[in-house]
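Here's the structure we're looking at; comments come further down.
4 protein chains.
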Amino acid sequence: MSEALDHSTVDHAMQPDDTPELRELYRGFEKQSLLPLWTQLGDLMPVHPKSRAVPHVWKWSKLLPLAERSGELVPVGRGGERRAIGLSNPGLAPHAYISPTLWAAIQYLGPREVAPEHRHSQNAFRFVVEGEGVWTVVNGDPVRMSRGDLLLTPGGNFHGHQNVTDKSMAWIDGLDIPFSQQMDVGFFEFGSDKLTCLETPEFSRGERLWCHPGLRPLSQLKDSVSSPIGAYRWAHTDAALTQQLALEAEGYAATVAPGHAAIRYINPTTGGDVMPTIRLEFHRLREGTETKMRRDVGSTVFQVFEGNGAVVMDGETHSVEKGDMFVVPSWIPWSLRAETGFDLFRFSDAPIMEKLGFMRSWVDA
Amino acid sequence: MSEALDHSTVDHAMQPDDTPELRELYRGFEKQSLLPLWTQLGDLMPVHPKSRAVPHVWKWSKLLPLAERSGELVPVGRGGERRAIGLSNPGLAPHAYISPTLWAAIQYLGPREVAPEHRHSQNAFRFVVEGEGVWTVVNGDPVRMSRGDLLLTPGGNFHGHQNVTDKSMAWIDGLDIPFSQQMDVGFFEFGSDKLTCLETPEFSRGERLWCHPGLRPLSQLKDSVSSPIGAYRWAHTDAALTQQLALEAEGYAATVAPGHAAIRYINPTTGGDVMPTIRLEFHRLREGTETKMRRDVGSTVFQVFEGNGAVVMDGETHSVEKGDMFVVPSWIPWSLRAETGFDLFRFSDAPIMEKLGFMRSWVDA
Amino acid sequence: MSEALDHSTVDHAMQPDDTPELRELYRGFEKQSLLPLWTQLGDLMPVHPKSRAVPHVWKWSKLLPLAERSGELVPVGRGGERRAIGLSNPGLAPHAYISPTLWAAIQYLGPREVAPEHRHSQNAFRFVVEGEGVWTVVNGDPVRMSRGDLLLTPGGNFHGHQNVTDKSMAWIDGLDIPFSQQMDVGFFEFGSDKLTCLETPEFSRGERLWCHPGLRPLSQLKDSVSSPIGAYRWAHTDAALTQQLALEAEGYAATVAPGHAAIRYINPTTGGDVMPTIRLEFHRLREGTETKMRRDVGSTVFQVFEGNGAVVMDGETHSVEKGDMFVVPSWIPWSLRAETGFDLFRFSDAPIMEKLGFMRSWVDA
Amino acid sequence: MSEALDHSTVDHAMQPDDTPELRELYRGFEKQSLLPLWTQLGDLMPVHPKSRAVPHVWKWSKLLPLAERSGELVPVGRGGERRAIGLSNPGLAPHAYISPTLWAAIQYLGPREVAPEHRHSQNAFRFVVEGEGVWTVVNGDPVRMSRGDLLLTPGGNFHGHQNVTDKSMAWIDGLDIPFSQQMDVGFFEFGSDKLTCLETPEFSRGERLWCHPGLRPLSQLKDSVSSPIGAYRWAHTDAALTQQLALEAEGYAATVAPGHAAIRYINPTTGGDVMPTIRLEFHRLREGTETKMRRDVGSTVFQVFEGNGAVVMDGETHSVEKGDMFVVPSWIPWSLRAETGFDLFRFSDAPIMEKLGFMRSWVDA
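The listed protein sequences correspond, in order, to chains H, D, F and A.
The opening position of the first sequence corresponds to residue 1 in the numbering used here, with each subsequent residue numbered one higher.
The opening position of the second sequence corresponds to residue 366 in the numbering used here, with each subsequent residue numbered one higher.
The opening position of the third sequence corresponds to residue 731 in the numbering used here, with each subsequent residue numbered one higher.
The opening position of the fourth sequence corresponds to residue 1096 in the numbering used here, with each subsequent residue numbered one higher.
See below:
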């Protein structure tokens, strides 16, 4: 649709004259819990998405010390449940929403600490940018957390964490809390205060059952809404990206654009997104690669995994490095630039937009 | 999930001691646009949906005079676009949201008036509880509006209205504006200031092509996200409900419960909901019928089409009659009781909840 | 794929020399139940489908007297089950297959006769080109049979017939018997010797529940593999086709080609074909209309319902009139020509071809 | 459905008396290419599937020498295309069909031989029970063939083979030739006489792109009817089965039955079968394990990959060992018994039966 007209201007030009009769009418509206469309159309129905959320960057060098200090001052346990610190979009304050749909937080677990088990409707994942030594127990299945690993706890699964080492560990959590809260869909339930399984195997049972490429256990033929894979290991992600760039170098189509390798994490029972509301991807840019400026309906969050580069959002350039996170709200133009080899973890609300028919994208020619 | 624990109580019991160090930490959070989970968990992740929206009833006898008075004081035309007065849930003020996802309004068009054409991403419908004489033109196809008719204008379709008589007409509009606004998905575009087709046929071209039961035009084999039917006529709805009650009386399964006939309006290309975000239904209760108390994730709105009865919401009973509208927010227990034969039009956000895996219901045994 | 090479020629040119050693080898194959690919490749894997089935026309003026004579000589009842006379493709003799997948028969029921109930895996339908007075009882639901009506008895449904008049009646049956027999999928079970319901209502209960355009009973939300509609009435089919031609005359897109209206019968729970193996359609050509020559994978059968015209199959023109039936085997080029207004009922095995990924079509430019 | 009645008996009891008039009628039928249902109902519509195909075992010790002898006597090249020897079900002679839907063959390629490129609608796979040294080139992508590997060449993909060693190699081919031939769906096209790529990489490009568990290349988001994976490697299959049995030993649900591990090869874009007509699986039984007797609609073929055991088909026990193949026709009762650890590759036509609504199974309690 064209955006030639400045809608709000047109809008205001058309308001009826402010007369005593009109005021009387508006008072009548108020008494009956009514609000006219004509006084607020520009806000309710803008010419294109104009999010209150703003593009923003959080520096890992600022986040991590605050998380460590929280480890000293704030206990973890039943009630608060998690020592998680949410990234709050400046445009959405006082809510701890990184975007209208997504929650992102840094979670911190000190040596030998345990975060008790609970479950909720909200879909969740963890991504590990550095560290090791924590196991997440999902429905009794312990899942090791190591650098580069993605862990899933889709809605409805009990989960808790334990740090089995003498070192602390921090990672990021992603959830659909803002969507769930605004849309009134969430249920929450406490589980065991202690973890239901204290083992610390290298691979979870879910991985052992499911992580064989192109092979499905014959005992698991029922498709599931969310992925049955508890952990997507860095070794696989790294290998997939490495192969894409190698194939490109050999002259074969494998990347999304020259110098730009990327994978989407999928639910092996359907080939689609791992959870109903959250899309998860990993992107690797060769040194010097720049992506095309684009806009998409919906919001997306990145965390730099390795390397240095920059993101341009709404015309402003931000340098980013390992651990830094940034959010791109709906319809904000953005692009990436790799100064070194540049690895980025990404999540977004694209499944919501696609399933409900609202997805639209614009890519610079 | 059990609801035995009062989450917010547990929550507050667990806050760390208020020390200077903690205050310093919290100031650090604020400076970095961070918010801890542990201070707000009960709000972010309640044990079950606790909507800010409240159950509420709007009386047609109050709505209609205010709409008529608007007809005298407020012009309709480019800019304001529609003389539509939104039902604003008292719990969601100052937004004109009837629920966190849905917009409902009474729209009023005076004799010979025209509402200009536009289109938007938001999905819309009209339902006519009384009156006639207006045609809605959807992508150039004029659709008559008469009592009991449901008209669709799914996202992306140009539409305008004209009243071809000397009498005014009022009807209700339903849209997914609150969802679209909060999720940042909406686009809006002006169309022709005048209607692109001034004809006033009894049946739209879409109906002539599509409204033959079980028959699909061979030229229309591509499934569409939204229904290609522009109007669902009262004669068909009434016949379907009449037959269900007749079959029940003859001893055959046809109703959803004894004395309770109901149809869902569907997209004939898929057999599913007519639009990606909004479910539309019509319910008919025999005199004396009472529905079971139930709770559902998501919100729903009813308009009484004919007859007298009551709705119980969250323990409170409200008498309702022709034209009255009421909203049931997420997880609020509700039931209906028919004092006479009782006909109700209904819409809800259930497709959102179902597609994203959040639907859950509880029905009294 | 190109068809430049004459495969069978190439084939034979490559056979190994006929030596005693080769003969010995071939005897070894035979003893071990083996057959070499190289001696039969051209038959097993032709360059394009080369059906043993041939294009063929059956004249109603020949079929009906033989059916009537059968009525005098052959009883109907348990064992033989139906007085049905199958159209046997001359290329597929001695099988009563009209094509490799489809069975077509004329069935005849004398005054007051009853065909007992049974059920089977095979999907079946009846189409009535003339006559009336018979009811088909499907799972206890009596369905009137009148000129132009299509009746379904999908696999697994008990069904029987009764003629309640003093006049005989003939109609056509279509089934997937050849597919079922060759693929070994069929089960068969006797039901009641007498009909389980002797009522003769104008409309079946299935129609009363389901035949309201765009409306789905709320008690019937589970999608079914086959259509729940027992009868597709001529009045609806005729109206749909009439409207398509009227819309075309008014300048709107509605037909599949100029002068060519057509509908597909669909399962209202999915918008797709009425049964898993058989596609059903009705076509109407204006006087003078000629369709483009085309080829499709899979076979199709037509019955002329009204009017005069011709079908060209594999270069040969056949004049056809009311009641005449013809079969077009896989990949045979065909077109239709209307000398008067020309109405044709059609069925095919296209759902098999589409679901298994084998559908391919070619249409003359 | 019950099978209490012997249908053919009932059938014959009901034939009309053999009179001159009846004979005259039957002559009339014949002249008009008609065949009555009542004389053949028992064959056309049996009470349960009664396949002409019979259970049969082929011994690898007999197959391999015949294949080797063919290597000496029969050239491979354009025209005959492949030195493939089809397993011909004794009940389906003179067709080289192992079942009504499936073709199975042993293919043999001598030292340094090349089988030229071609493509066809028929879906094909190869499975390697022993040997190495051959590469299959699929659309220009060379795929190594080694023991335990499954290779796919779905319909429409060009493919050829080359043996790059001084040793011969034999493997099995599986296709849907019988289905394609009987249903008239096949196209065939010659490709390059020489292979389009002579490289012999350890892993094909398709594997490098796709074989990372749970990861999908972002450049490959369009679902495909058939799997994009060219080879499913034995190392993965073996690991998956080993893990299932290990998990079972640790007390977790992972196998289909005690002592019975199994995987299905899947299309990673959908999570479903790798090709539209053929299901592929691998089964591993612990020593001493016996499977429940069962019957299924559709036919299935096994090849013993390793170990010794027996198959019971229709009450008869057959000892089988490495390389032996056997076919179970539709609705024939069968079970397996492992004398040692027992590994079996399996393929079947189950996707056809499931997609067309004909699948039915019976398992002994």
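Just so it is clear, CB atoms sit at the ideal spot from N, CA and C, and this is done for glycine as well.
Just so we're clear, the structure is a prediction, and the values are computed from it rather than from any experiment.
Identification of residues in the stretch 1416 to 1450 of chain A having a C-beta nearer than 9 Å to some C-beta of chain F yields P1424, S1425, W1426, D1444, P1446, I1447, M1448 and K1450, given in sequence order.
For E386 of chain D, the closest Cβ of chain H is nearer than 8 Å. In chain order, P1308 and G1309 make up the part of chain A whose C-beta sits under 7 Å from the C-beta of C211 of chain H. Interface annotation, D549 of chain D: in contact with chain H, CB-CB separation under 8 Å. Look at T620 of chain D here: in three-state DSSP terms it is coil, with no helix or strand label.
Closer than 8 Å at the C-beta level to chain A, one finds these residues of the stretch 212 to 240 of chain H: H212, P213, G214, L215, R216, P217, L218, S219, L221, D223, S227, I229, Y232, H236, T237, A239 and A240. Judged by beta-carbon spacing, P785 of chain F lies beyond the 8 Å limit of V1280 of chain A, meaning their Cβ atoms are not closer than that value. Nearest C-alpha to I1008 of chain F among F:G821, F:D748 and F:F1077: F:F1077.
For F347 of chain H, the uninterrupted beta strand (DSSP E) segment begins and ends at F342 to S348. Interface criterion not met: the Cβ of I1201 of chain A is under 8 Å from no Cβ in chain H.
Look at L771 of chain F here: in three-state DSSP terms it is helix.
Rounded to whole angstroms, the separation of the alpha carbons of L1246 of chain A and F1400 of chain A is 15 Å. Taken in chain order, the complete alpha helix (DSSP H) segments of 4 or more residues contained in the stretch 185 to 268 of chain H are 205 to 210 and 234 to 250. Only residues of its own chain outside the window of five on either side were considered, and among them Q122 and G186 have a CB closer than 6 Å to the CB of S180 of chain H, listed in chain order.
One finds L948 in chain F with Cβ atoms closer than 7 Å to the Cβ of E646 of chain D, taken in chain order. Residue burial is scored here from C-beta neighbours: V806 of chain F has at least 16 other C-beta atoms within 10 angstroms and is therefore classed as buried. In the displayed model, Y838 of chain F falls within a strand according to three-state DSSP.
The beta carbon of S1128 of chain A sits closer than 8 Å to some beta carbon of chain F. Scanning A:H1256, A:S1430 and A:V1422 for the CA closest to the CA of P1206 of chain A turns up A:H1256.
Using a Cβ-Cβ cut-off of 8 Å, G86 of chain H is close to L399, L400, P401 and L402 of chain D, given in chain order. Judged by their CB atoms, V1259 of chain A and G1228 of chain A are nearer to each other than the 8 Å cut-off.
Straight-line spacing of the CA atoms in I450 of chain D and G616 of chain D works out to 45 Å. In terms of beta-carbon proximity, Q181 of chain H lines the interface with chain D, with at least one pair separated by less than 8 Å. Non-local beta-carbon contacts of L1158 of chain A in its own chain, meaning distances under 7 Å to residues more than five positions away in sequence, involve I1201 in chain order. Among the CB atoms of chain D, one or more fall inside 8 Å of the CB of P75 of chain H. For P947 of chain F, the closest alpha carbon among the candidates D:V662, D:T602, D:G407 and D:K687 is that of D:T602.
Annotation: the continuous alpha helix (DSSP H) that includes R23 of chain H extends over P20 to K31.
Using a CB distance below 7 Å, no part of the stretch 286 to 307 of chain H faces chain A. Residues of chain D with a Cβ closer than 8 Å to the Cβ of A979 of chain F do not exist; the shortest Cβ-Cβ separation is about 12 Å. Taking W699 of chain D as the centre and dropping the five residues before and after it, the same chain places the C-beta of P420, M658, R659, R660, V676, V677, M678, D679 and V693 closer than 8 Å to its C-beta, in chain order.
Assignment of beta strand (DSSP E) within the stretch 448 to 507 of chain D, counting only whole runs of 3 or more residues, yields 449 to 452, 468 to 474, 479 to 485, 489 to 492 and 497 to 503 in chain order. Between H625 of chain D and T607 of chain D, the gap from beta carbon to beta carbon reaches 8 Å or more. Non-local beta-carbon contacts of D273 of chain H in its own chain, meaning distances under 6 Å to residues more than five positions away in sequence, involve R279 and P351 in chain order. At a cut-off of 8 Å between beta carbons, R491 of chain D makes no contact with chain F. The beta carbons of G271 of chain H and G1301 of chain A sit no closer together than 8 Å. Cβ proximity to chain D below 7 Å picks out nothing from the stretch 865 to 879 of chain F.
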